[in-house]
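Worksheet: one structure, shown below.
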Amino acid sequence: MPNFEEPRQDLLFTDSINASEGYKKEEICFGIRFPSEKARRAHFTEELRKKLRDPEFRKIEGFPIGSDDDILNLSDPPYYTACPNPWVQEFIAEWESQKDNIEDHHREPFATDVSEGKNDPIYNAHSYHTKVPHKAIMRFILHYTQPGDIVFDAFAGTGMTGVAAQMCGDRDVVLSLGYQVKPDGTILQEEVEEENGKKAWRPFSKLGARKAVLNDLSPAATFIAYNYNTPVDILSFKRTAKKIISDFEKKTKWMWETLHTDRKTLGKVNYIVWSDVYSCPECSGEIIYYKEAFIKNGGAVEFNPEFNCPHCNCSISKNPPKNSQAQKPARIFESAYDPITRAVTEKQKQVPVLINYSIGTRRHEKLIDSDDLLKATSIDVSDDLIKNIPFSEIIEGDKSADPFGCGVRHVHQFYTKRILASLSILADLTKGHPQLEFLVGSMLPKLTIMNRYMPQHGGRALVGPMANTLYVPPVSVENNVIDQLVFQFKKIIQALTSLSGSVITTQAAQSVDIQDSSIDYIFLDPPFGSNIMYSELSYIRESWLRVITNNKPEAIENKTQKKGIDEYRDLMTNCFEKAFKYLKPGRWMTVEFSNTKASVWNSIQNALSDAGFIVASVAALDKTRGGLHAMLGPTAVKQDLVISAYKPNGGFEERFQKEAQTEEGVWDFVRTHLKYLPVTKRQGPLILFVPERDPRILFDQMVAYYVRKGYPVPISSQEFQIGLAQRFIERDGMYFLPDQVAEYDRKKMTSGAPQQLSMFVSDEASSIQWLRQLIKEKPQTFSDINPQFMQQLGGWSKNEAQLDLRELLNQNFLCYDGKGPVPEQIHAYLSTNWKELRNLPKDDPTLVAKARDRWYVPDPNKAGDLEKLREKALLKEFEEYKEVKKKLKVFRLEAVRAGFKKAWQERDYAVIVAVADKIPNKVLEEDPKLLMWYDQAVTRMGGD
1 MPNFEEPRQD
11 LLFTDSINAS
21 EGYKKEEICF
31 GIRFPSEKAR
41 RAHFTEELRK
51 KLRDPEFRKI
61 EGFPIGSDDD
71 ILNLSDPPYY
81 TACPNPWVQE
91 FIAEWESQKD
101 NIEDHHREPF
111 ATDVSEGKND
121 PIYNAHSYHT
131 KVPHKAIMRF
141 ILHYTQPGDI
151 VFDAFAGTGM
161 TGVAAQMCGD
171 RDVVLSLGYQ
181 VKPDGTILQE
191 EVEEENGKKA
201 WRPFSKLGAR
211 KAVLNDLSPA
221 ATFIAYNYNT
231 PVDILSFKRT
241 AKKIISDFEK
251 KTKWMWETLH
261 TDRKTLGKVN
271 YIVWSDVYSC
281 PECSGEIIYY
291 KEAFIKNGGA
301 VEFNPEFNCP
311 HCNCSISKNP
321 PKNSQAQKPA
331 RIFESAYDPI
341 TRAVTEKQKQ
351 VPVLINYSIG
361 TRRHEKLIDS
371 DDLLKATSID
381 VSDDLIKNIP
391 FSEIIEGDKS
401 ADPFGCGVRH
411 VHQFYTKRIL
421 ASLSILADLT
431 KGHPQLEFLV
441 GSMLPKLTIM
451 NRYMPQHGGR
461 ALVGPMANTL
471 YVPPVSVENN
481 VIDQLVFQFK
491 KIIQALTSLS
501 GSVITTQAAQ
511 SVDIQDSSID
521 YIFLDPPFGS
531 NIMYSELSYI
541 RESWLRVITN
551 NKPEAIENKT
561 QKKGIDEYRD
571 LMTNCFEKAF
581 KYLKPGRWMT
591 VEFSNTKASV
601 WNSIQNALSD
611 AGFIVASVAA
621 LDKTRGGLHA
631 MLGPTAVKQD
641 LVISAYKPNG
651 GFEERFQKEA
661 QTEEGVWDFV
671 RTHLKYLPVT
681 KRQGPLILFV
691 PERDPRILFD
701 QMVAYYVRKG
711 YPVPISSQEF
721 QIGLAQRFIE
731 RDGMYFLPDQ
741 VAEYDRKKMT
751 SGAPQQLSMF
761 VSDEASSIQW
771 LRQLIKEKPQ
781 TFSDINPQFM
791 QQLGGWSKNE
801 AQLDLRELLN
811 QNFLCYDGKG
821 PVPEQIHAYL
831 STNWKELRNL
841 PKDDPTLVAK
851 ARDRWYVPDP
861 NKAGDLEKLR
871 EKALLKEFEE
881 YKEVKKKLKV
891 FRLEAVRAGF
901 KKAWQERDYA
911 VIVAVADKIP
921 NKVLEEDPKL
931 LMWYDQAVTR
941 MGGD
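With the first letter of the sequence shown counted as 1, position 223 gets the number 223 in UniProt numbering; the numbers rise by one all the way through.
Here it is in structure tokens:
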């Protein structure tokens, strides 16, 4: 439990900001009529207080750390609670009862490029570790929902999903996205017209606000989300804020003044530069880092990371590069009495070195003089000021090594005395005013000693803290709090809105009280592995709010919390399982993914499938890099991705229970799944190959569904390929339903054949995919293929046995030996590209000679025998792996996959687990198929 002072008094209802007409007007909530907002708030605050006294309520997973009074002070029930919100289900029921539009909600997955800049007042008003621009989220909500629909975001962060849901009813904002809006509210988007290839406007959605349920584990996040998603009387806020800024300036102005070099004129301090002091490893002389590392060169300042000791000329570098003669200096620590902790503490020695100040509109700089030093040391953080300052101890975590290394172990030690005194005075002035506390919170990141001084970057050298760290730089900037308050006020005033229609709760994603099948659409931007340590980075902000994240259910990889990739996958699976229950059948969930670790990508895919979702599309937010392998393969996740997954409709689920043991269940799954896949994907004017319609991807999806339902797969890969060709329509290597193929053909007529995405060859599976793509377009001889193949072999996986090209071709493709008629695929290619070969019979000697020794992709009927031979060879190799006693360092991944699949069919789960233990963990974690078989085998064996 954080070490806070006595709980502050309940000041929720101070009237200086809330005396506006908006605050006094009558309000109806859940059918109860209140004479004012204040009365509504008083009623529900008392109801929440009763809840907080219930021990069972406090046992809800993810319940934040904080006293009842502090939670109540932060909350605005029933719309926002800084703890689990007990009214979520009531809101959903009320919203559902207000719907009057009943229509077909079938949607294809969102398959349009998304590119939205971050230069928006709402986005920029308050910093946070990560967030998606609300205008980008609007595109998904408009695509998947209708006005009045209910959207859920379990990892809501700063509440951009709520802003997006409500702004779907703002005509001007919708127009700014490049859409058109008809007088009746129909929204049109520009598409290529199928008949003539020209662009036309097509209806796709309706203008109107959607409702939003927002949740986050972090009280800091939900407090920010609340301020973005609550209606504000802007004029009243302006008046009150300006008065408080004026009062604050009067009280603190003297702290931010300095004498000009003429010793007469007073200047306004813009910022003060502080420097760490080190000890030379040779002579032990004191080194003020700023004086040696920052050198003035004319009007510019250059950073010199390697310099000589001013006392002994020894070469010094804070981070000496390899092969450098420079030595690393030692930190100098100072002992001093801390009036806030009331104890003697040791902290890295820091001294003020430079002041940047203004006289009128002109800026000046000077070195610190004796008057400035006296002022800095004479500012007293008195008992009267201490009451507002959090003195909680920093939690130990993966990011705490930086502050711990320089002696910073309490939240208040991230601030200078001058800033602490200023913030304490400001806290007194803003208590009880949510929007003003929101304003102060937006300032906090720019007021800590983590602000880096980097004049070499030009401008005013104010680059802020290093993102997503607690890094304390050797030279930092102490900003003028008055200036920061005015600056942030101008930003906040542009971001506050009159939006209403969101309910906000603070708890674990998997513990939100939502009835099954009551949500219309889910948008998630969840934590991704070890990318960002949210609770650690939010701790400073939350200490000021006095309500702290309970990080026990936090879905991250974190060594301090003893959470690895397995724990992360389990936590994400729990979250997705609840999302699956909340979502209505046949509806969609979008997951925005950003992580370069393949193991995390595979954990997300497996967690989604384990929960019951079926992935219909994986698209890049920015398609300037990567390709098919980057989107679907086990490695090279180098860009932001958008995963579109759906919850199967109830009819299919019921049918599957009866059909699972039969082949009809397979084709019912494929038929249903094809309905949810995009007919086309576009990149500008071009249509792209839709990998999800590839027969191998369809087979993998079907197998995954059967495995996770606990059923054996009733048909083989080759039987699947043949059955697919018999029951569905093939175009350009993709399979469609009859109504879909008509649409595809029309679009292809205007855009040409689909463009294949580039491939990365790194293992046997991707080699086969690359070869299939190469020779399907152009059947070639071995001598033609070999040099192209060799160019692709730059990054072969180190644990994977590298196969010879001839072996890959022999096991997976066919070569025309000149006997019998020329195969159709070769004949089509040759007759298209050589005029003299057109209209010749397939056994013509000239045609046969040109076709001989060319490799081609077998048709499904002939592919079956080839597949059997290949599988036999793979299983023979797998048998050898079973007998090996030691760890396998190099092996055929395809053999392990084939062996795991066979063992699953035979319910020999022990074999899967035994062989999995012999291969490196990294390989298992980075291969989605192996991970699926292994996880399910462990589950069936009753393992952890």
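Glycine residues also receive a C-beta, built at the ideal position from the N, C-alpha and C atoms.
According to DSSP, what are the bridge partners of residue i?
i: W855; result: Q780 and C815
i: T258; result: G267
i: P203; result: L188
i: K211; result: I150
i: F523; result: T590
i: S476; result: W274 and R452
i: N308; result: S315
Measure the CB-CB distance between residue i and residue j and report whether it falls below 8 Å.
i: I65; j: C83; result: no
i: G162; j: A220; result: no
i: G148; j: N229; result: no
i: Q507; j: F152; result: no
i: I419; j: L439; result: no
i: L524; j: M589; result: yes
i: V381; j: A330; result: no
i: L259; j: D383; result: no
i: I687; j: K776; result: no
i: K659; j: D668; result: One point to set straight first is that residue 659 is Glu, not Lys, in the sequence displayed. A contact, by the Cβ cut-off of 8 Å.
i: N215; j: A427; result: no
i: I137; j: I92; result: no
i: P754; j: Q825; result: no
i: I482; j: L583; result: no
Between which residues of its own chain and residue i is the CB-CB distance below 6 Å, once the five residues before and five after are set aside?
i: Q936; result: V707
i: Y226; result: Y80 and I504
i: I386; result: I340
i: M941; result: Y909
i: E925; result: I565 and S599
i: R40; result: E27, C29 and F34
i: A914; result: none
i: G178; result: none
Out of the options, point me to the one whose CA is closest to residue i's CA.
i: I729; options: V670, Q780 and Q773; result: V670
i: V822; options: P858, L805, S609 and K835; result: P858
i: Q788; options: A801, L774 and A765; result: L774
i: G586; options: Y144, F91, L866 and A93; result: Y144
i: I359; options: Y415, K552 and K268; result: K268
i: L771; options: P754, K748 and Q811; result: Q811
i: residue 969; options: Y357, P78, G407 and L142; result: Outside the shown range of the chain, which is 1 to 944, sits residue 969, and nothing can be said about it.
i: Q561; options: I150, K584 and Y534; result: Y534
Can you give me the Cβ contacts of residue i inside the same chain, cut-off strictly under 7 Å, excluding the 5 residues immediately before and after it?
i: P928; result: N602, Q605, N606 and P634
i: Y568; result: G529, A555, I556, E557 and S603
i: R429; result: The amino acid occupying residue 429 in the given sequence is Leu; Arg does not appear at that position. Same-chain partners within the cutoff: I244, D247 and F248.
i: T624; result: Only weak support is given to the placement of T624: the predicted model assigns it a pLDDT of 31, under 50, and the question is left unresolved by the model.
i: S717; result: F699 and E867
i: P35; result: E26
i: R727; result: W667
i: L175; result: V181
Please decide whether residue i counts as near chain D, where near means a Cβ-Cβ distance under 8 Å.
i: M941; result: No chain D is part of this structure, which consists of one protein chain only.
Ordered along the chain, which non-local residues of its own chain (more than five positions away) have a Cβ less than 8 Å from that of residue i?
i: L608; result: F576, V591, V615, I643 and A645
i: D853; result: T781, F782, C815, Y816, D817 and G818
*So does the region 234-250 actually touch the region 162-170, counting three or more Cβ pairs closer than 8 Å?*
no
*Looking at C-beta atoms only, is the number of pairs between the region 601-620 and the region 701-716 that lie closer than 8 Å three or more?*
yes
*Three or more C-beta pairs closer than 8 Å, one from the region 391-399 and one from the region 310-327: is that the case here?*
no
*Evaluate contact between the region 280-294 and the region 304-315, counting only Cβ atoms and requiring at least three cross-stretch pairs below 8 Å.*
yes
*How do the region 44-52 and the region 470-479 stand: do at least 3 beta-carbon pairs fall below 8 Å, yes or no?*
no
_Whether or not the region 506-522 and the region 364-372 are in contact is what I'm after, with contact meaning three or more pairs of Cβ atoms, one per stretch, closer than 8 Å; do they touch?_
no
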